[in-house]
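Number of protein chains: 2
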Amino acid sequence: MIKKLRIMTPGPTPVPVDVLLEGAKETLYHRNPRFKKMLTSASEGLKKVFKTRGQVFILASSGTGAMETAVANTVSPGDKVITVVGGKFGERWAELCKAYGANMHKIDVEWGDYLRADQIEKALKENPDIKVVFTTLSETSTGVVNDIKAVAEIVKKTKAILVVDAVSGLIAEPLEMDEWGVDIAIAGSQKAFMMPPGLAFVAVNGEKAWKRIEESKSPRYYFDLRAYRDKYTDTPYTGAVNLVYQLNKSLEMIESETLEKVWERHAIFANAMRKGIQALGLELFAKKPGNVLTAVKVPNDIDGLEFLKVCREEYGMVFSGGQAKLKGKIFRVSNLGYVDKLDMISAIVTIEMAMKKMGKDVLIGSGVKAVEESLLEADEK
Amino acid sequence: MIKKLRIMTPGPTPVPVDVLLEGAKETLYHRNPRFKKMLTSASEGLKKVFKTRGQVFILASSGTGAMETAVANTVSPGDKVITVVGGKFGERWAELCKAYGANMHKIDVEWGDYLRADQIEKALKENPDIKVVFTTLSETSTGVVNDIKAVAEIVKKTKAILVVDAVSGLIAEPLEMDEWGVDIAIAGSQKAFMMPPGLAFVAVNGEKAWKRIEESKSPRYYFDLRAYRDKYTDTPYTGAVNLVYQLNKSLEMIESETLEKVWERHAIFANAMRKGIQALGLELFAKKPGNVLTAVKVPNDIDGLEFLKVCREEYGMVFSGGQAKLKGKIFRVSNLGYVDKLDMISAIVTIEMAMKKMGKDVLIGSGVKAVEESLLEADEK
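If you're matching them up, the sequences are chains A and B in order. In terms of the working numbering, the numbers along the first sequence are unbroken and rise by one, the last being 381. In terms of the working numbering, the numbers along the second sequence are unbroken and rise by one, the last being 762.
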């Protein structure tokens, strides 16, 4: 029987055919004036989604490469930094800072819980020599979205700069770099950009960040932001040409929907999924779930890995499992990027049917009813 | 009038439609078992083109990222290394080694000239504590191909490891990692692989290289080869899914032509181009030109940048100019990757016509005749 592939993972996300086809266009020489125009247009479009007047650099790398860019360019060995660790991607900040010899003040947040701004305030007060604060907008491993606006409010009064991992959050959740005072933010192509993986973005907002970058003594070359700034909007090394075509198409689609509507769509869909999950009698994992994905606790009587397999093999529906210590304990339903109402319906129905198939006593139709009602309610607003 | 784009630059190179279309296929989740199979198949195919039983890692980055991978994983601050600088990409090794605090012994080769193996021998004798020798197979900026086999013969008798930048050389020129004793070699997708830019490859051959990698104290994360080895053939960070589809297609095409025939094709085409250039009364730049590209001296009475513009605007033919100190002084005609006999004809005819148009006294037809004769002669062998 035909079984369509539906990826509702928080990256890669589904790619619209129009974006895919851009990738099949003839590869231009990367110094071709036509391609340079595309790079300029992409950088301008990126500024709009990062909400910054600063420069946004396009890297050929995954999101982790952009995270390393942020660390290598702002942390010299021995520098005091704050990392917030409330999931796998907060942990990645800590691993990176360790690799670069930072003197790390780690704020541990229970996985699934969220960062309180006063934790940052306290840490900065106790350590006035902190140079960089590394945080996460959307912690992809737990579904938590942190209040970056409140954190920025605090950090901007100090000498420290604020770096935000917005890899899965950007475009899905509001982030206003300039208005809030975020110094550096990073993102990746395979998330709300609705693109294949392979590009990452680093936005640098203003003098405070550049001063830090100039001061960093860590070795770097491919990820050296000074090289990107000097070549801007061109790239210092060969750009991933076809992915840049796709980026332009993606930015065009986002702009035509408007960024505000895209944020709203993510909020509506994530809210509907939460309602559906709860109506099914399942429990949300995140204490403060964001609008990027919904992390759901696997019921005790269900094998979490087997559940993912049933979803994938029976229905072609790909959810993500838990990472690291959450393996088998949660599953994650993404509504990130190119996802529509009926995709949300397909997701909740897959959950209902797979649970039923695995012997769980769920009321078939109860989840989907709640999702439908929530979507209808949003329409009325 | 219709003007087709023809890129005969040494990267990006023309991409076959069949490879482009692979990039337009549905993006799979990067942990999908189907995608993992593709990664395994790509890694196996890469071993064949690197001629190694060692592991070949696939990075989402440009070739420069792979060069940084080689440096960051083998050089600790203060380590004594040799870099061979005979062009822009040799210079890049030196810049990278400088960024990572190496104690560098630089072998300067006049741009356009080639490395003599005894230069390496002498340097290693005088500095027995050298840990890494960084060399270039095909120096893209000058068209020179170095005798890596002879260099490996020397280095393998010492404690040093040999790292080869084969970014533009691999698949176009013979490189036999295992047989010659090359410890680390790197390559990039937008060269003889006939793919868009965005992927880079790092081949690590054997214990001597891994020992060095284990010992390196340089900070690294995204480019940490230990992470790639531990996840092999999977990738530690999100792989550039669609580019990997294209890689598999490219490797399939190369395997069906056979690697030996691909080497031969590059040799035949480059030889024909050299004959054509000389028949036109133009001068080759490289003292020992390789089979990747042909670097040609711009005649004194011709404006080198204007010449490139005429080729591009009148004929849609994109050649590369000279880089850094060679800007305006040479132009480079690549026969790298997806290039056929009639592309070679188009290239030489463009040169003839553009020179004529710019007032140069060339004998129209003389270059193309020489290319034709050379191609016919190769057929008879």
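The C-beta atom is built at its ideal place from N, Cα and C for all residues, glycine as well.
Residue environment: residue 214(A) is assigned as exposed (fewer than 16 neighbouring CB atoms within 10 Å of its CB, all protein chains considered). At a cut-off of 8 angstroms between C-beta atoms, residue 228(A) does not count as an interface residue with respect to chain B. Within the same chain, 28 come within 8 angstroms of residue 34(A) by CB-CB distance, once the 5 residues on both sides are set aside. Nearest CB-CB separation between residue 486(B) and chain A: not below the 8 angstroms threshold.
By the neighbour-count criterion, in which a residue is buried when 16 or more other Cβ atoms sit within 10 angstroms of its Cβ, residue 464(B) is buried.
Taking residue 207(A) as reference, the option from 44(A), 156(A) and 201(A) with the minimal CA-CA separation is 156(A).
Contact of residue 500(B) with chain A by beta-carbon distance below 7 angstroms is absent, the smallest such distance being about 25 angstroms. Taking the C-beta atoms as reference points, residue 598(B) is found nearer than 8 angstroms to residue 457(B). Taken in chain order, the whole alpha helix (DSSP H) runs of length 4 or more contained in the stretch 36 to 62 of chain A number zero.
For residue 334(A), the enclosing beta strand (DSSP E) starts and ends at 330 to 334. When 7 angstroms is used as the limit between beta carbons, residue 571(B) is near these residues of chain A: 238, in chain order. Secondary structure note for residue 568(B): its beta strand (DSSP E) is the uninterrupted segment 565 to 569. Cβ proximity to chain A below 7 angstroms picks out 699 from the stretch 698 to 724 of chain B. When DSSP states are grouped into helix, strand and coil, residue 670(B) belongs to the strand group. Checking the DSSP bridge columns, you'll see residue 542(B) partnered with 513(B). C-alpha of residue 342(A) to C-alpha of residue 113(A): approximately 30 angstroms in a straight line.
Between residue 395(B) and residue 238(A) a beta carbon distance of about 15 angstroms is seen, past the 8 angstroms cut, so the two are scored as non-contacting. Using a CB distance cut-off of 8 angstroms, residue 445(B) counts as an interface residue toward chain A.
In the DSSP assignment, residue 203(A) forms a beta bridge with 56(A) and 185(A). By the Cβ criterion, the stretch 173 to 186 of chain A is not in contact with the stretch 101 to 115 of chain A, since fewer than three pairs of Cβ atoms, one from each stretch, lie closer than 8 angstroms. Note that the C-beta distance between residue 190(A) and residue 304(A) is not below 8 angstroms. Under the DSSP assignment, residue 107(A) falls outside any alpha helix (DSSP H), being part of the beta strand (DSSP E) whose first and last residues are 103 to 108.
Think of a sphere of 9 angstroms around the beta carbon of residue 388(B): the chain A residues whose beta carbon falls inside it are 26, 27, 28, 29 and 32, in chain order. About 6 angstroms separates the beta carbons of residue 514(B) and residue 501(B), which is inside the 8 angstroms limit, making them a contact pair. The straight-line gap separating the alpha-carbon atoms of residue 143(A) and residue 286(A) is approximately 6 angstroms.
Residues of the stretch 177 to 203 of chain A with a C-beta atom less than 7 angstroms from some C-beta of chain B are 190, 196, 197 and 198, listed in chain order. Not a single C-beta of chain A is nearer than 8 angstroms to the C-beta of residue 454(B).
DSSP, reduced to helix, strand and coil, places residue 464(B) within a strand of the structure shown. Within the model, the alpha-carbon separation for residue 92(A) versus residue 462(B) is close to 31 angstroms. DSSP places residue 724(B) in the uninterrupted alpha helix (DSSP H) bounded by 722 to 738. Interface residue (Cβ-Cβ distance to chain A less than 8 angstroms): residue 622(B) is classified as such. Taking the Cα of residue 122(A) as reference, the smallest distance to any Cα among 253(A), 158(A), 312(A) and 265(A) is reached at 158(A). In the three-state scheme derived from DSSP, where H, G and I count as helix and E and B as strand, residue 7(A) is classed as strand. When secondary structure is reduced to three states using DSSP, residue 573(B) falls in the coil class, being assigned neither helix nor strand. Across the set 522(B), 683(B) and 434(B), the C-alpha of 434(B) shows the shortest separation from the C-alpha of residue 561(B). In the structure shown, residue 126(A) adopts helical secondary structure according to DSSP, grouped into three states.
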